Structure formats: C-alpha cells, structure tokens
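2 protein chains.
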Amino acid sequence: MKKAPTIRDVAAAANVSVSVVSRVINEGSGPVAPATREKVVATIAELNFRPRAAARELSQGQGLTIGLVLADLTNPFFASLADRVVWEARGRGVQVVLMTTQEDSHVEAQSLATLLDRSVGGVIATPTGGNVDQWKRLQDVGVDVVFVDRSISELENVDVVSIQNNDSAATATEHLLDLGHTRIALISGPSSTSTGRARVDGYRSALERVGVQVDPDLIRGVPFRGDAGADAATALLALPDRPTALVVANTAQVQSTVRRLFQTGVRIPDELSIIVFDDNPWTQLVTPPLSVVRQPIDLLARHSVDLVVGRMGGKLPRQARTVEVQAEFVSRGSCSAPGRVLG
Amino acid sequence: MKKAPTIRDVAAAANVSVSVVSRVINEGSGPVAPATREKVVATIAELNFRPRAAARELSQGQGLTIGLVLADLTNPFFASLADRVVWEARGRGVQVVLMTTQEDSHVEAQSLATLLDRSVGGVIATPTGGNVDQWKRLQDVGVDVVFVDRSISELENVDVVSIQNNDSAATATEHLLDLGHTRIALISGPSSTSTGRARVDGYRSALERVGVQVDPDLIRGVPFRGDAGADAATALLALPDRPTALVVANTAQVQSTVRRLFQTGVRIPDELSIIVFDDNPWTQLVTPPLSVVRQPIDLLARHSVDLVVGRMGGKLPRQARTVEVQAEFVSRGSCSAPGRVLG
DNA sequence: TATAAAAGTGGAACCGTTACCACTTTTGTA
DNA sequence: TACAAAAGTGGTAACGGTTCCACTTTTATA
Numbered sequence: 082m083k084k085a086p087t088i089r090d091v092a093a094a095a096n097v098s099v100s101v102v103s104r105v106i107n108e109g110s111g112p113v114a115p116a117t118r119e120k121v122v123a124t125i126a127e128l129n130f131r132p133r134a135a136a137r138e139l140s141q142g143q144g145l146t147i148g149l150v151l152a153d154l155t156n157p158f159f160a161s162l163a164d165r166v167v168w169e170a171r172g173r174g175v176q177v178v179l180m181t182t183q184e185d186s187h188v189e190a191q192s193l194a195t196l197l198d199r200s201v202g203g204v205i206a207t208p209t210g211g212n213v214d215q216w217k218r219l220q221d222v223g224v225d226v227v228f229v230d231r232s233i234s235e236l237e238n239v240d241v242v243s244i245q246n247n248d249s250a251a252t253a254t255e256h257l258l259d260l261g262h263t264r265i266a267l268i269s270g271p272s273s274t275s276t277g278r279a280r281v282d283g284y285r286s287a288l289e290r291v292g293v294q295v296d297p298d299l300i301r302g303v304p305f306r307g308d309a310g311a312d313a314a315t316a317l318l319a320l321p322d323r324p325t326a327l328v329v330a331n332t333a334q335v336q337s338t339v340r341r342l343f344q345t346g347v348r349i350p351d352e353l354s355i356i357v358f359d360d361n362p363w364t365q366l367v368t369p370p371l372s373v374v375r376q377p378i379d380l381l382a383r384h385s386v387d388l389v390v391g392r393m394g395g396k397l398p399r400q401a402r403t404v405e406v407q408a409e410f411v412s413r414g415s416c417s418a419p420g421r422v423l424g
Numbered sequence: 082m083k084k085a086p087t088i089r090d091v092a093a094a095a096n097v098s099v100s101v102v103s104r105v106i107n108e109g110s111g112p113v114a115p116a117t118r119e120k121v122v123a124t125i126a127e128l129n130f131r132p133r134a135a136a137r138e139l140s141q142g143q144g145l146t147i148g149l150v151l152a153d154l155t156n157p158f159f160a161s162l163a164d165r166v167v168w169e170a171r172g173r174g175v176q177v178v179l180m181t182t183q184e185d186s187h188v189e190a191q192s193l194a195t196l197l198d199r200s201v202g203g204v205i206a207t208p209t210g211g212n213v214d215q216w217k218r219l220q221d222v223g224v225d226v227v228f229v230d231r232s233i234s235e236l237e238n239v240d241v242v243s244i245q246n247n248d249s250a251a252t253a254t255e256h257l258l259d260l261g262h263t264r265i266a267l268i269s270g271p272s273s274t275s276t277g278r279a280r281v282d283g284y285r286s287a288l289e290r291v292g293v294q295v296d297p298d299l300i301r302g303v304p305f306r307g308d309a310g311a312d313a314a315t316a317l318l319a320l321p322d323r324p325t326a327l328v329v330a331n332t333a334q335v336q337s338t339v340r341r342l343f344q345t346g347v348r349i350p351d352e353l354s355i356i357v358f359d360d361n362p363w364t365q366l367v368t369p370p371l372s373v374v375r376q377p378i379d380l381l382a383r384h385s386v387d388l389v390v391g392r393m394g395g396k397l398p399r400q401a402r403t404v405e406v407q408a409e410f411v412s413r414g415s416c417s418a419p420g421r422v423l424g
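If you're matching them up, the sequences are chains W and B in order.
Heads up: the first sequence begins at 82 in the numbering used here, then just goes up one per residue.
Heads up: the second sequence begins at 82 in the numbering used here, then just goes up one per residue.
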C-alpha cells in the first residue's frame, strides 16, 4: 500500500518547480517552454502521477463534480436519464454524485445539504416539489441548478430542460380525439409543478379546439410518489360515465398505473385506449404494445449537462435558460376507436 | 453569493480553538467539556456551518465517498442495484460517485483511474472482465473493492457478493427437466467470469443428475455487451435439433434476448419455454409473464455497502469475503411441457 | 496534603493543489 | 544598440480541515 506521487515529487524528478508542473497539468494557465513541458509530461507519465481531486477542489473552491438528484432509479425513465447524464458528464471530464430522494422532500433536503459540503459545481435534478429555500441557498453559494423533466414554479432563475409539455399532451389528446374518443382522461403530475400544469393545458386546449367539453373529473393531477397513478386509474374506471381513453402523462406513475390496468383486466384497447408518456423498453413487449410519447432522453441529458458544465466553466449568460425539446408520438397498438359502452 | 463559514469562523464565534471545534464535529476524537461542546454546537447551528468534504478528504487522505461502477443503467437490474446501493450508502453517510462502462473495458479503465484521484474509500463494481492490473493498483493504494453479481477470477482478495449461482442455475434447469424437457439451452455470461462458469456448472450438474446428455451446442457463454444474447437465441433456434427450453442466465442480456424472441414470433411457452435471471418489473407485464430467478437486489446492495463501508471504517478482517445470497425461483407462465417438434 | 493521572484546551504543522507575484531571460522594435 | 515587452521560471501564501504535541486545569489515589 504505497502512496501516490505528488506534484512535488514530479517537480523534483523533473528538476523544475511545482509551479511549472501545475501549469503543465492545467494547460493554458501560464507559459511553459516546449522543452520543459515535454520533460514534465514524461516525468508525469513515468511516475504515474495524477493530481488529487480533493486538493484541487480545496484550492479552487470547486471541483469537477456535479450532483444528480433523482427520484428513484427503479423507474426506467430516471434510470435512462442517469445513464445518459453520467455518460455525457464523463465525456466532459466531470464526475457525477448520484442521490435518490424516493420522492421524499425531506430526503431531498438532506441531499442538497450534502451536495453543498461537497462543493459541487452544479446540480441536475428532478425536484420533488418543496425545499424552495434549500434550492435558493444552493444557488446563493454559486451552485448552478438545472431542473430536468419537471420544475417548480416558486423558484426562479433556474435552467429547465424538458420536452414541450403543452404540445406533447395536445398531440396525444388529438390522436385520441381523431379516433373518435370524447371521454378522454388525463393523469398528470401535481399542479404545483410547471410540467404538470403545462400538460393539463395542452390537453385542455386540444379538447377545446374541437369543442369537446372539459370534464374536471377526468383530470387527475397526482403526486409522483407511491401508487397515486394506479389509484387514479382505478377511480377513473369506477366513474359512472367511464372514460374510453386515458393519457398517463406523469412519467413517475406510468409503471404503477399500467400494472394496475393489467391486473384489473380492462381490455386494451377495446375498453380503454391508453397513451403513456415516455418510451420504456418494455412498452413494446407488453400486449398490446403501448402507444407512447417518446421523450428524447439523450437530448434531455445532453442539454442538462451542457448547461450545468457551461455555467461552471463560467461563460454562459447568467440569465436562466429554458430548453424545450420536441417529443415524438409513437403510435402502437394501445389505441383504437371507442367501443360500445359496457354494462 | 456569500461564502460559507469555516471552522475558524466557528472557533472565533464560540471563543474556542479550532481544535475544539474539530473534536466536536468528529465525536470521539478527543475530550471536550460538556459546557464547551454545547456552546460550540450552538454556534455551529447558528452559523449554519458544515465542514467541507474536500478539506477533510485532503487532510485524512480518504473521504466518505465510494465509487459505483456499473455497466449500464438501461438494464433494470443494474438500475435497481444502483438505486439500492445509493440508498444504503446514504443511510451510512456515504456518497456515491456513479460511473458507467457500457461494458467497455477501456472505459472501465478510465473510470478506475478517475476513482483513484478522487481518493474514494472503496469501489463497488460489476467488472467488465479485463483491467486486472488496474484493479490491483486500486487495491494497492488501499481502496477496497467489492464485486457484485459478477467477479473475475484473475483477481484475488476481492470481496464478492452474488447469488448462489450454481444452485440457482440448477434449480431453473431442474424445473424444466421436471416439465419433461431434455433439450434445454443455456445462455450464460462469458466463461472468463466466475459467475458465468458457476451457472454453467449448476446447469450441467442438474442435467447429469438425471442422466441427460450435455450438448455443448446448447451452452452459450456470451459477452455482456451488445446483442450477443439475442444473437445466441437466434442461433439456438436455427439449430437442426432445436431446444425446447431456454434459460437466460446472463442478466445483461435478458432484455435484448427476450425482445428478439418476441420479434421472432416464437410461441412461448408452446414452442419454447423460457426462464430468465432476474425479476424486472416488466417480466410480469409481458404475455406470457416470465418465470424468473429473482435476485434479492436489496440484499446484494446491502451486503456490498456493508462490506465496503466496513472495510473503510477499518475493522473488518483483511481476509476477502464471499457473500452468497439465495435467489428465489418464481414460476409464472413462460414454461410448459415440451410441445411436439415442429417442421 | 502531595502527587500522579486524566481531562480539557490551544498552537501549529500538514495534506496536495492553485494562483499570485517577483524575478530572470528572451524576443522584438525603435 | 538600447530598452520595453513578453516569455519562462520559482517562491510561497492561501484553501479548510485533522492531528499531534505541549500546556494547564481538574480529579483521583496514596
């Protein structure tokens, strides 16, 4: 268990000062004669020297690390997002500290505090909803915050990366309208999130555009946590005037909702047409394969990382930015014209 | 963008020396009078002081961070594992730096190097297979390494946490034998991994126990990467004397294999009975629901974290430990007695 | 009551970088 | 040829904790 060489070891071995070595490591931080550089590079390779992240971080007050705060990796959407974020970050020499909140805002608060002592350069997160003060504090000390997929309205000056929520919901709704449905239900995120509201808006305007009355009973803004989506689905099916179609626009609730639907034995699409947000691997494997609104996860990840790394690098306007990427509607077998009303 | 208070600020405000504050922070590192402690604690709360991780890490040479090196979060097995590991670590005050290798050993090598400069206390990984030297180096500098699910034989003195691979494969095979199958194929991990070999062994001995001839054509040790599993499945189906049952024991390849099977249109279980390793959420949603060998992911995670944190804490025997937890066979609809041979 | 041991406290070196400044050597230009 | 500007180099103070050691006060024991 020998210990690693330090910058001083390199300096000594190469017969230069530590300053020079530091300049070699951080290309562009000062002049170094070509011959000297070469010598130092060789020595570094020979000694297998790697600068210690902690020292660097301490000295410059901020390291090449970002925090990724997600709800729960059990959900394929978040999992894929994490996968892409880690990958994109890696390409930029940035490490990712992962934290999960399990949709619990108390846990989230703790995570933020931890991220603070780690002096991360930035945070990419799908916020649970509360903790406005903590988010503010994070920004106060200069940590850049990027929200992906969701965002909370109380917090201003945050970058947000998401799909065009309004349009996507509208497209899905229109698809069902075109098939002849009029009783279309919507399960969306909580209305405290901008995402949740935007999707409801898109749904609303699609209905209104063709003159279909909006029935508030058919709109469910459910929390991300727990089995709220499944329960909403059950409730919707129990309605006297049952919906013939359902859009599940709360990504966190898709899995539980679909499972419940399958368990209940509703015939899809005969009894109920469904469209879910986000294209997971399994949406094609089930019977019937699900029509989905596919979120371009790779783009979401790329933009998030770009934003957070860009701001860390310093040269991005301080103005918060909202990036909206286009989602793609993929029609598969889970939608059809409405059947006769049962029983 | 004000800056955070330091230990010296606290010391000044509380009228004590930094040493005392340090001792208060690190309970048990030295004596502090009750009254003093109380005063310091109050000051810390008042100033909202939190010790900076980087400084601590630099000074003691090792921080409360572990690396988690996984192949790919797109696979639900790894995703769930990550979810649980992060959670377990959090409970112990440890942060997790996540890296993905995409099953590329070159990427893995880079990740290990990075982990090295971050001076993590330990690493939990599903190794790709190569990089024996890098793993050794990591151990040399005192980083504890725990392999989960897979392990590589060239590396000794590593903790390994996995299911009872031999038994699990045997159980699955026996289940198929009991149904009357004799031509049972196996897709397992590469034989360079102990996991891959153990599963083949289990399969073998199950067959031999009942006197069924082992046909090497039916055993495929495929790499974790790419569509190797799917291709193996295709190849198996093209065999003159086609198998009537298949065990997919390479977790990384389950998804791609099953997808291919569905696309091909093989009738399950009529034409082919299948059992896959690991119980993902979607295995119940497909038709027919898949019989699986369920890995207790939470246990795998817990033990891994326990091991790595335990060693960091210092007081675990230096002897490497192998933890094997029991997997559970869950019978669902994807297996039946062999049908007549087609064509 | 003397005296050794334990408890409590403070000072300062150290961990491995970066960054600023001072200094020397080139190089370019009038 | 003289002299200013630029290039190259080294010294050293931060950064914010931990830890060892020395010192002063208690407390316990003979």
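Cβ coordinates follow ideal geometry from the N, Cα and C atoms, glycine included.
Only a predicted model underlies this, so the values are computations on that prediction, with no experimental measurement involved.
1. Taking a Cβ distance cut-off of 8 Å, strictly less, list which residues of the stretch 334-358 of chain W are near chain B, in chain order.
2. Report back the beta-carbon spacing between V204(B) and G142(B) to the nearest angstrom; my notes put them in contact at under 8 Å.
3. Roughly how many whole angstroms lie between the Cα atoms of G424(W) and E255(W)?
4. Is Q344(W) closer than 8 Å to V303(W) when the C-beta atoms are compared?
5. Determine, for M393(W), whether the minimum Cβ-Cβ distance to residues of chain B falls below 8 Å.
6. Any chance you could list the alpha helix (DSSP H) runs of at least 4 consecutive residues sitting entirely within the stretch 102-153 of chain W, in chain order?
7. Which of the three DSSP states, helix, strand or coil, is assigned to L423(B)?
8. Shortest alpha-carbon distance to G210(B) belongs to which of V201(B), G270(B) and S98(B)?
9. At which residues does the alpha helix (DSSP H) containing Q407(B) begin and terminate?
10. Kindly list the residues whose CB is nearer than 8 Å to the CB of W168(W), restricted to its own chain and excluding five residues on each side of it in sequence; keep chain order.
11. Spatial neighbours of V105(W) within its chain, please: CB distance less than 7 Å, with the 5 preceding and 5 following residues excluded, ordered by chain position.
12. If you draw a straight line from the C-alpha of D198(B) to the C-alpha of S415(B), how long is it?
13. If you follow the beta strand (DSSP E) that D240(W) is in, where does it begin and where does it stop?
14. Leaving out five residues on either side along the sequence, give the residues of the same chain with a beta carbon under 7 Å from the beta carbon of F410(B).
15. Classify L162(B): buried if its beta carbon has 16 or more other beta carbons within 10 angstroms, exposed otherwise.
16. Under 9 Å between beta-carbons, which chain W residues line up against E235(B)? List them in chain order, please.
17. When you compare the CB of E169(W) with every CB in chain B, is at least one pair closer than 8 Å?
18. Spatial neighbours of V422(B) within its chain, please: CB distance less than 6 Å, with the 5 preceding and 5 following residues excluded, ordered by chain position.
19. To test your reading of the DSSP string, which unbroken alpha helix (DSSP H) runs of 4 or more residues are found completely within the stretch 343-406 of chain B?
20. Compute the Euclidean distance between the alpha carbons of L371(W) and L151(B), then round it to the nearest angstrom.
21. Between the stretch 203-219 of chain W and chain B, which residues of the former have a C-beta closer than 7 Å to a C-beta of the latter?
22. By the 10 Å Cβ neighbour count, where 16 or more other Cβ atoms means buried, how is S140(B) classified, buried or exposed?
23. If the cut is a Cβ gap below 8 Å, which residues of chain B does R131(W) touch?
24. Taking S412(B) as the reference, give the member of W363(B), I355(B) and P398(B) with the closest Cα.
25. Taking 8 Å as the threshold (C-beta atoms), are Q176(B) and V229(W) in contact?
26. Have a look at W363(W), S186(W), D351(W) and S385(W) and flag the residue whose alpha-carbon is nearest the alpha-carbon of G420(W).
27. Give a yes or no on contact between the stretch 357-370 of chain W and the stretch 321-341 of chain W, applying the rule of three or more CB pairs nearer than 8 Å.
28. Between the C-alpha atoms of L154(B) and A160(W), what's the straight-line distance to the nearest angstrom?
29. If you count every other CB in all the chains shown that lies within 10 Å of the CB of R133(B), and 16 or more means buried, which is it?
30. CA-CA distance, G144(W) and P369(B)?
31. Could you compute how far the alpha carbon of V99(W) sits from the alpha carbon of G109(W)?
32. Closer than 8 Å, CB to CB, is P86(W) near chain B or not?
33. Are any of the Cβ atoms in chain B nearer than 8 Å to that of E184(W)?
34. Measuring alpha carbon to alpha carbon, tell me which residue in L267(W), G394(W), G307(W) and T124(W) is nearest P297(W).
35. Take V357(W) and list the residues in its own chain whose beta-carbon comes closer than 6 Å to its own, dropping the five residues that flank it on each side.
36. Are A314(B) and R280(B) closer than 8 Å when you measure CB to CB?
For this structure:
1. Per Cβ criterion, the list reads Q336, V339, R340 and F343.
2. Stepping through the second sequence from its first residue, residue 204(B) is reached at position 123. Stepping through the second sequence from its first residue, residue 142(B) is reached at position 61. Actually they do not touch by this definition, with Cβ atoms about 16 Å apart.
3. Locating residue 424(W) in the first sequence gives position 343, counting from the first residue. Locating residue 255(W) in the first sequence gives position 174, counting from the first residue. Unreliable positioning characterises G424(W) in this predicted model, as indicated by a pLDDT of 38, which lies under 50. A coordinate reading is not provided.
4. Position 222 of the first sequence holds residue 303(W). Position 263 of the first sequence holds residue 344(W). No. Outside cutoff.
5. Residue numbering aside, residue 393(W) sits at position 312 when the first sequence is read from its first letter. M393(W) does not count as touching chain B.
6. As for any alpha helix (DSSP H) of minimum length 4 sitting wholly inside the stretch 102-153 of chain W, the runs are 115-128 and 134-141, ordered along the chain.
7. Within the second sequence, residue 423(B) is the residue found at index 342, counting from 1. Any reading at L423(B) must be qualified, since the residue scores a pLDDT of 45, below 50, and its modelled position is unreliable; no value is offered.
8. The residue you call residue 210(B) lines up with position 129 of the second sequence. The candidate whose alpha carbon is nearest that of G210(B) is G270(B).
9. Working through the second sequence from its first residue, we reach residue 407(B) at position 326. Taken as a continuous stretch (DSSP letters only), Q407(B) belongs to no alpha helix (DSSP H), as it is neither H nor E.
10. Locating residue 168(W) in the first sequence gives position 87, counting from the first residue. Around W168(W): A382.
11. If you number the first sequence from 1, residue 105(W) lands on position 24. Cβ neighbours of V105(W) beyond the five flanking positions: V113, R118, V121 and V122.
12. Locating residue 198(B) in the second sequence gives position 117, counting from the first residue. Locating residue 415(B) in the second sequence gives position 334, counting from the first residue. Straight-line Cα distance between these residues: approximately 48 Å.
13. As a working mapping, residue 240(W) is identified with position 159 in the first sequence. In this chain, the beta strand (DSSP E) harbouring D240(W) covers D240 to I244.
14. Residue 410(B) sits at position 329 when you count from the first residue of the second sequence. Result list for F410(B): T252, A253, H256 and V374, in chain order.
15. Start at 1 with the first residue of the second sequence, and residue 162(B) comes out as number 81. Label assigned to L162(B): buried.
16. For the purposes of this step, residue 235(B) is identified with residue 154 of the second sequence, where counting begins at 1. Chain W residues near E235(B): none, gap ~20 Å exceeds 9 Å.
17. What you label residue 169(W) is simply residue 88 of the first sequence in a count that begins at 1. With a threshold of 8 Å between beta carbons, E169(W) makes no contact with chain B.
18. Position 341 of the second sequence, counted from the start, is the residue given in the question as residue 422(B). In this prediction, V422(B) has a pLDDT of 49, which is less than 50 and means its spatial position is unreliable; what the coordinates show is noted afterwards. So no residue of the chain qualifies.
19. Complete alpha helix (DSSP H) runs here, min 4: 378-394.
20. Within the first sequence, the letter at position 290 stands for residue 371(W). Within the second sequence, the letter at position 70 stands for residue 151(B). L371(W) and L151(B) have their C-alpha atoms roughly 29 Å apart.
21. Answer set for the stretch 203-219 of chain W: empty.
22. Residue 140(B) sits at position 59 when you count from the first residue of the second sequence. In the assembly as shown, S140(B) is an exposed residue. Its beta-carbon has fewer than 16 other beta-carbons within 10 Å.
23. Walking along the first sequence from the start, residue 131(W) turns up at place 50. Using a Cβ-Cβ cut-off of 8 Å, R131(W) is close to A194, L197 and D198 of chain B, given in chain order.
24. For this step, residue 412(B) is matched to residue 331 along the second sequence. For the residues W363(B), I355(B) and P398(B), the minimum Cα distance to S412(B) belongs to I355(B).
25. Position 148 of the first sequence, counted from the first residue, corresponds to residue 229(W). Position 95 of the second sequence, counted from the first residue, corresponds to residue 176(B). Taking 8 Å as the Cβ cut-off, V229(W) and Q176(B) do not qualify as a contacting pair.
26. Walking along the first sequence from the start, residue 420(W) turns up at place 339. Selected option, being the one with the closest Cα: D351(W).
27. Of all C-beta pairs linking the stretch 357-370 of chain W to the stretch 321-341 of chain W, three or more are shorter than 8 Å, placing the two stretches in contact.
28. Within the second sequence, numbered from 1, the residue matching residue 154(B) stands at position 73. Within the first sequence, numbered from 1, the residue matching residue 160(W) stands at position 79. Between the alpha carbons of L154(B) and A160(W) lies a distance of about 6 Å.
29. The residue labelled residue 133(B) in the question sits at position 52 within the second sequence. Burial call: buried.
30. Sequence index remark: in the first sequence, residue 144(W) carries index 63 (1-based). Sequence index remark: in the second sequence, residue 369(B) carries index 288 (1-based). Approximately 50 Å between the Cα atoms of the pair.
31. Taking the first sequence and counting its residues from 1, the one referred to as residue 99(W) is at position 18. Taking the first sequence and counting its residues from 1, the one referred to as residue 109(W) is at position 28. Looking at the two C-alpha atoms, the distance is approximately 16 Å.
32. Translated into the one-based positions of the first sequence, residue 86(W) becomes position 5. With its beta carbon at least 8 Å from every one in chain B, P86(W) lies outside the interface.
33. Taking the first sequence and counting its residues from 1, one reaches residue 184(W) at position 103. Among the residues facing chain B, E184(W) is not included, as its CB has no counterpart in that chain under 8 Å away.
34. For the purposes of this step, residue 297(W) is identified with residue 216 of the first sequence, where counting begins at 1. The shortest Cα separation from P297(W) among L267(W), G394(W), G307(W) and T124(W) belongs to L267(W).
35. Residue numbering aside, residue 357(W) sits at position 276 when the first sequence is read from its first letter. For V357(W), where only same-chain residues beyond five positions count, the Cβ hits under 6 Å are V329, V335, L371 and V373.
36. As a working mapping, residue 314(B) is identified with position 233 in the second sequence. As a working mapping, residue 280(B) is identified with position 199 in the second sequence. With respect to R280(B), A314(B) sits apart: the two C-beta atoms are not nearer than 8 Å.
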